[in-house]
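Engineer: Numbering-wise (the numbering used here), the sequence shown opens with residue 2 and increments by one.
C-beta: ideal position from N, C-alpha, C; glycine also.
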Amino acid sequence: MTIGVLGGGQLGRMIALAGYTLGQRFVFLDPGAESSAGHVGNLRVGAYDDEERLSELARKSDVVTYEFENVPVGSARFLNELVRVYPPPRALEVSQDRLDEKGFFASLGIPTAGFAAISSKDDLDRAVAKLGLPAVLKTRRFGYDGKGQWVLRTEEDVGRAWEALGAASLVLEAFVPFEREMSILAVRSTKGETRFYPLVENEHRDGILRVSYPRSDAWTADLQARAEEHAGRVLSALDYVGVLAMELFITGDKLVANEMAPRVHNSGHWTIEGAETSQFENHVRAILGMPLGSTRMIGCSAMINAIGKLPPREAVLAVEGAHLHAYGKDGAPGRKVGHVTVRAETRRELCDKVESLLPIVDPDGRPSLRA
Ligand code: AMP
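#1: Pull up the distance between the alpha-carbon of residue 97 and that of residue 175, whole angstroms please.
#2: Buried or exposed for residue 362, please, with buried defined as at least 16 other CB atoms from any protein chain shown within 10 angstroms of its CB.
#3: Is residue 259 a contact residue of the ligand AMP, with contact defined as CB to any heavy atom under 7 Å?
#4: Would you list the residues sitting across from residue 183 in a DSSP beta bridge?
#5: Check whether the region 243-259 and the region 342-356 touch, using three or more Cβ-Cβ pairs below 8 Å as the test.
#6: What would DSSP say about residue 256, mapped onto helix, strand or coil?
#7: State the Cα-Cα distance for the pair residue 163 and residue 150, rounded to the nearest angstrom.
#8: How would you label residue 254, buried or exposed, when you count the other beta carbons within 10 angstroms and need 16 or more for buried?
#9: Looking only at its chain, what residues have a beta carbon closer than 6 Å to the beta carbon of residue 63, apart from the 5 residues adjacent to it on each side?
#10: Put residue 392 into one of helix, strand or coil per three-state DSSP.
#11: Have a look at residue 153 and residue 334 and give me their C-alpha separation to the nearest angstrom.
#12: Just checking residue 175 against the ligand AMP - is the residue's beta carbon closer than 7 Å to any of the ligand's heavy atoms?
#13: In angstroms, rounded to a whole number, what distance separates the CA positions of residue 285 and residue 119?
#14: With H, G and I counted as helix, E and B as strand and the rest as coil, what does DSSP make of residue 67?
#15: At which residues does the alpha helix (DSSP H) containing residue 288 begin and terminate?
#16: Report yes if the CB atom of residue 258 is closer than 8 Å to the CB atom of residue 231, and no otherwise.
#17: By a C-beta neighbour count over all protein chains shown, 10 Å radius and 16 as the cutoff for buried, is residue 103 buried or exposed?
#18: Hey, out of 112, 31, 83, 199, whose CA is closest to residue 301's CA?
#19: Could you give the DSSP three-state label for residue 87: helix, strand or coil?
#20: Within 10 angstroms of the Cβ of residue 128, are there 16 or more other Cβ atoms? Answer buried if so, exposed if not.
#21: Below 8 Å, can you find three or more Cβ-Cβ pairs linking the region 206-215 to the region 297-315?
#22: Given a cut-off of 8 Å on the beta-carbon distance, is the pair residue 281 and residue 111 in contact?
#23: Terminal residues of the continuous alpha helix (DSSP H) containing residue 310?
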């Protein structure tokens with residue numbers, strides 16, 4: 002089978018690396034000629050809304066998926082007339098608009114922060130009065146890694162944020178005073194088979210994911226069950242196929258949904274070495290209707306992102322149990338250029354290894370999470 006992928010970034014690259022072992026072929030469409038997936042598969046360079054390129058992708062592919070959630074929904078729908086597209090374009094549509102996404106969660110009984118649609122300064126003032134401060138003002142569309150959002154703490158912030166973001170369609174969210182951020186990855190196949198990975202605890206800095214700990218010390222069976230219940234409702238409502246990530250805030254024993262990504266996710270990169278079946282392999286299995294693989298953890302693991310530039314290879318690989326994934330991208334401030342997964346038999350051992358790796362991989366930060 003040939004799998005067409007919209008987007009040629011590192012996620013596409015890792016989907017292909019997993020799919021090759023199952024004997025699949027890949028063709029990518031991305032506007033950038035230097036895209037990281039181009040090193041490992043057939044890269045077609047073109048805009049996501051170029052119908053000629055999309056038709057070509059459909060002709061070459063038995064099934065199409067995407068690794069980038071800002072692909073125009075119209076393009077996914079156009080392709081869906083020509084070839085099977087998974088996850089369904091509706092999932093893309095919901096996840097692209099923070100207001101629709103929050104409304105969708107609420108319609109499924111999944112708890113979210115209080116929210117309100119904002120299209121004028123009056124709306125904003127009314128919403129601030131209703132939801133209170135602090136609050137978070139976000140663009141409805143095209144926000145990622147903390148871009149397009151503003152935390153409002155004072156009345157002055159409200160005016161300043163409106164000046165900065167007011168031109169766009171916005172949503173105001175109540176500030177969630179969370180203790181932890183977690184994500185759950187779920188996967189559902191064309192046959193309806195569904196599996197969930199263990200909850201992952203994530204630490205962000207400057208809006209970018211830095212460190213992930215699957216099944217961290219804050220994990221409980223009850224949180225896991227509730228997160229699975231929420232993600233399961235999303236899968237069923239969308240007749241979803243593929244990997245889905247849901248980002249969650251944990252406050253006390255409450256679990257609040259922040260957003261979802263209809264694709265493989267950075268907080269699931271640990272699964273390449275840390276789970277029986279990686280998120281990438283399970284995504285491929287799911288869209289091809291193969292039996293899904295076990296999502297069981299193997300020992301304990303953690304994932305550290307390499308942001309801006311790659312860490313020195315020798316130093317990373319000298320740590321027993323560490324695995325370096327370099328995406329073949331040039332370094333640039335704030336750019337994800339690779340990640341390191343480290344695995345150990347016990348939590349104690351894992352913490353020691355993470356302590357050794359952090360100064361090498363993320364020298365500017367001191368993440369506070371513990372495995
Ligand atoms: P997002 O782009 O929605 O994933 O937001 C990026 C980061 O901003 C999240 O990972 C949180 O750390 C923080 N954040 C977003 N929304 C809220 C909220 N309603 N309350 C508190 N923190 C938030």
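Structural biologist: The answer reads as follows:
#1: So the two alpha carbons sit approximately 20 Å from each other.
#2: Looking at its Cβ environment, which holds 16 or more other Cβ atoms inside 10 Å, residue 362 is buried.
#3: yes
#4: 202, 249
#5: Fewer than three Cβ pairs drawn from the region 243-259 and the region 342-356 lie within less than 8 Å of each other, which leaves the two stretches out of contact.
#6: strand
#7: 11 Å
#8: With fewer than 16 other CB atoms across the displayed protein chains lying within 10 angstroms of its CB, residue 254 is exposed.
#9: Contacts found: 2, 3.
#10: Since the first residue shown for the chain is 2 and the last is 372, residue 392 is missing from the structure and cannot be characterised.
#11: 26 Å
#12: yes
#13: 39 Å
#14: Under the three-state reduction of DSSP output, residue 67 falls in the strand class.
#15: 280-288
#16: In contact: residue 258 and residue 231 (Cβ atoms closer than 8 Å).
#17: buried
#18: In terms of Cα proximity to residue 301, the closest of 112, 31, 83, 199 is 199.
#19: coil
#20: It counts as buried.
#21: yes
#22: no
#23: Looking at the DSSP string, residue 310 is not in any alpha helix (DSSP H), and its letter there is neither H nor E.
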